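Undergrad: Dropping the structure in here first, questions after.
Protein chains: 2
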Amino acid sequence: MGIEIERKFLVTSDAWMQQGEPVLLRQGYLSSHPSRVVRVRIDGTKAIMTIKGKNVGASRGEWEYPIPMEDAKEFLDKLCEQPIIEKYRRRIPYAGFVWEVDEFLGINAGLVVAEIELPSEDQAFDKPDWVGEEVTHDKRYLNSNLITHPYSSW
Amino acid sequence: MGIEIERKFLVTSDAWMQQGEPVLLRQGYLSSHPSRVVRVRIDGTKAIMTIKGKNVGASRGEWEYPIPMEDAKEFLDKLCEQPIIEKYRRRIPYAGFVWEVDEFLGINAGLVVAEIELPSEDQAFDKPDWVGEEVTHDKRYLNSNLITHPYSSW
Numbered sequence: 001m002g003i004e005i006e007r008k009f010l011v012t013s014d015a016w017m018q019q020g021e022p023v024l025l026r027q028g029y030l031s032s033h034p035s036r037v038v039r040v041r042i043d044g045t046k047a048i049m050t051i052k053g054k055n056v057g058a059s060r061g062e063w064e065y066p067i068p069m070e071d072a073k074e075f076l077d078k079l080c081e082q083p084i085i086e087k088y089r090r091r092i093p094y095a096g097f098v099w100e101v102d103e104f105l106g107i108n109a110g111l112v113v114a115e116i117e118l119p120s121e122d123q124a125f126d127k128p129d130w131v132g133e134e135v136t137h138d139k140r141y142l143n144s145n146l147i148t149h150p151y152s153s154w
Numbered sequence: 001m002g003i004e005i006e007r008k009f010l011v012t013s014d015a016w017m018q019q020g021e022p023v024l025l026r027q028g029y030l031s032s033h034p035s036r037v038v039r040v041r042i043d044g045t046k047a048i049m050t051i052k053g054k055n056v057g058a059s060r061g062e063w064e065y066p067i068p069m070e071d072a073k074e075f076l077d078k079l080c081e082q083p084i085i086e087k088y089r090r091r092i093p094y095a096g097f098v099w100e101v102d103e104f105l106g107i108n109a110g111l112v113v114a115e116i117e118l119p120s121e122d123q124a125f126d127k128p129d130w131v132g133e134e135v136t137h138d139k140r141y142l143n144s145n146l147i148t149h150p151y152s153s154w
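Residue numbers (UniProt numbering), protein chains in the order written: chain A, 1 to 154; chain B, 1 to 154.
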């Protein structure tokens with residue numbers, strides 16, 4: 001198991017758009033239960049199944065398994081909760097860390113969030129000036145909740 | 001993906017007990033939703049994650065991934081729906097097929113079912129004389145339902 005420590009922010013301008021190559025992510029859930037999330041994701045040419053335990057603060061147990069691309073496609077199209085999440089992700093290095101900026105598509109179009117993964121909960125870090133309000137603890141922004149309560153319905 | 005064609009029966013005597021070595025299976029569910037079951041199983045020294053799609057007749061799409069034993073133990077103890085299922089399985093060859101006889105423990109103690117996996121839905125097969133009534137389509141006997149509605153509560 002890994003422990004994932006992630007903080008999530010809104011963005012305040014489009015300046016991120018000029019940075020990083022967009023990669024299309026398609027992801028869906030075999031379970032969106034907060035204590036046992038089972039996520040299927042196609043990230044460019046990689047297909048991954050990820051299990052996530054309960055959030056404790058900004059930390060969460062996380063286990064990843066590569067799976068065949070063909071299986072991932074079948075899960076996303078036929079088994080996962082619908083609709084699935086589609087978003088462009090840009091990976092933007094800044095001050096020693098990588099920011100992942102997710103630009104959502106479909107029923108979540110208009111939503112953009114920036115995430116940073118940290119080695120410990122109290123790790124200090126600098127924010128680019130297009131990074132705004134923190135939403136780490138706002139459950140509406142959980143990808144697993146954006147299926148049942150999409151941004152377009154807020 | 002494989003297609004799993006399985007038929008399930010009650011047993012009418014203890015004659016199966018003398019046959020086959022019992023192996024302890026421990027299994028739990030990260031999702032017990034009938035359209036997207038995610039099962040974690042420890043079968044002797046093997047640890048497996050299995051995804052199952054919707055039942056269509058006696059057939060069901062099934063995908064299996066080996067996972068590290070340590071991960072499986074953590075899922076069963078901490079993430080899966082509780083309580084988990086524990087049972088002794090005996091594999092008993094008979095007339096060209098293998099019968100799997102599951103003797104449930106814990107809250108499902110007293111329940112014994114015999115299953116046969118078939119290459120096609122119309123495959124003919126012979127039954128040992130300790131195999132009784134078919135319960136393939138009785139959803140109470142789904143392992144994923146035996147957690148919320150255990151045999152001891154019937």
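No residue lacks a Cβ here, since even glycine has one placed at the ideal position from N, Cα and C. The model shown is predicted, which means the values in this text are computed figures rather than measured ones.
(1) Relative to the C-alpha of Gln82 of chain B, which candidate in B:Val98, B:Val101, B:Arg91 and B:Gly106 has its C-alpha closest?
(2) Whole angstroms is fine: what's the gap from Tyr88 of chain B's alpha carbon to Ser35 of chain B's?
(3) What separation, rounded to the nearest whole angstrom, lies between the Cα atoms of Val11 of chain B and Trp130 of chain B?
(4) Which of the three DSSP states, helix, strand or coil, is assigned to Asn143 of chain B?
(5) With distances taken Cα to Cα, identify the nearest neighbour of Ala124 of chain A among A:Val38, A:Ala47 and A:Gly96.
(6) With DSSP collapsed to three states, give me the class of Leu10 of chain A.
(7) Please specify which runs of the beta strand (DSSP E), each continuous and at least 3 residues long, are wholly inside the region 115–143 of chain B, giving them in chain order.
(8) Mind pulling the chain A residues with CB within less than 7 Å of Val38 of chain B?
(9) Are the beta-carbon atoms of Val38 of chain A and Leu30 of chain B separated by less than 9 Å?
(10) So, do the region 65–76 of chain B and the region 39–47 of chain B have three or more beta carbon pairs nearer to each other than 8 Å?
(11) When you compare the CB positions of Met17 of chain A and Arg90 of chain A, do they come within less than 9 Å of one another, or not?
(12) Any C-beta of chain A within less than 7 Å: which residues of the region 48–74 of chain B qualify?
(13) Among B:Glu70, B:Phe104 and B:Tyr65, which residue has its Cα nearest to the Cα of Ala114 of chain B?
(14) In the structure shown, what three-state DSSP assignment does Leu76 of chain A receive?
(15) So, are the CB atoms of Gly2 of chain B and Glu62 of chain B less than 9 Å apart?
(16) On the DSSP letters alone, give me the boundaries of the beta strand (DSSP E) that Leu30 of chain B sits inside.
(17) Please report the distance separating the alpha-carbon of Cys80 of chain A from that of Tyr65 of chain A.
(18) How big is the Cα-Cα spacing for Glu21 of chain B and Lys8 of chain B?
(19) Name, please, each residue of chain C whose Cβ falls closer than 8 Å to the Cβ of Ser152 of chain A.
(20) Counting only the same chain and skipping the five closest in sequence on each side, list residues whose C-beta sits under 6 Å from that of Asn108 of chain A.
(21) Measure how close the beta-carbons of Ile48 of chain A and Glu117 of chain A come, nearest whole angstrom, since I'm counting them as under 8 Å.
(22) Taking the Cβ atom as the reference point for each residue, do Gly28 of chain B and Ile85 of chain B lie within a distance shorter than 9 Å?
(23) Quick one: measure Cβ to Cβ for Tyr94 of chain A and Pro119 of chain A, integer angstroms, because I've assumed they're closer than 8 Å.
(24) Which residue's Cα is closest to the Cα of Ser144 of chain B: B:Glu70, B:Val56 and B:Arg26?
(25) Report, in whole angstroms, the separation of the C-beta atoms of Glu121 of chain A and Ser59 of chain A, which I expect to be a contact under 8 Å.
TA: Working from what's here:
(1) Comparing Cα-Cα distances from Gln82 of chain B to each of B:Val98, B:Val101, B:Arg91 and B:Gly106, the minimum goes to B:Gly106.
(2) Between the C-alpha atoms of Tyr88 of chain B and Ser35 of chain B there is a straight-line separation of about 27 Å.
(3) Straight-line Cα distance between these residues: approximately 6 Å.
(4) If DSSP states are grouped into helix, strand and coil, Asn143 of chain B belongs with coil.
(5) By alpha-carbon distance to Ala124 of chain A, the top candidate from A:Val38, A:Ala47 and A:Gly96 is A:Gly96.
(6) In the three-state DSSP reduction, Leu10 of chain A falls in the strand class (E or B).
(7) Runs of the beta strand (DSSP E) spanning 3 or more residues and lying entirely within the region 115–143 of chain B occur at 131–134, in chain order.
(8) Residues of chain A passing the Cβ test: Leu30, Ser31 and Val38.
(9) Inclusion of Val38 of chain A and Leu30 of chain B in the CB contact set at 9 Å is warranted, their separation being smaller than that value.
(10) Of all C-beta pairs linking the region 65–76 of chain B to the region 39–47 of chain B, three or more are shorter than 8 Å, placing the two stretches in contact.
(11) For Met17 of chain A and Arg90 of chain A, yes; Cβs fall inside 9 Å.
(12) Across the region 48–74 of chain B, CB contacts with chain A closer than 7 Å involve Ile51, Gly53, Trp63, Tyr65, Ile67, Asp71 and Glu74, in sequence order along the chain.
(13) The shortest C-alpha separation from Ala114 of chain B is found at B:Phe104.
(14) When secondary structure is reduced to three states using DSSP, Leu76 of chain A falls in the helix class.
(15) Against a cut-off of 9 Å, the Cβ pair of Glu62 of chain B and Gly2 of chain B comes out as a contact.
(16) Judged by DSSP secondary structure, Leu30 of chain B falls within the beta strand (DSSP E) whose first and last residues are Val23 to Ser31.
(17) Between Cys80 of chain A and Tyr65 of chain A, the C-alpha separation is close to 17 Å.
(18) Straight-line Cα distance between these residues: approximately 20 Å.
(19) The question asks about chain C, but that chain is absent: this structure's protein chains are A and B.
(20) Answer for Asn108 of chain A: Leu146, Pro150 and Tyr151, listed in chain order.
(21) Distance from Ile48 of chain A to Glu117 of chain A at the Cβ level is roughly 15 Å; contact not present, criterion being Cβ atoms closer than 8 Å.
(22) In contact: Gly28 of chain B and Ile85 of chain B (Cβ atoms closer than 9 Å).
(23) Not really, about 16 Å apart at Cβ, beyond 8 Å.
(24) It is B:Arg26.
(25) Indeed, because the Cβ distance is near 6 Å, the residues count as touching under 8 Å.
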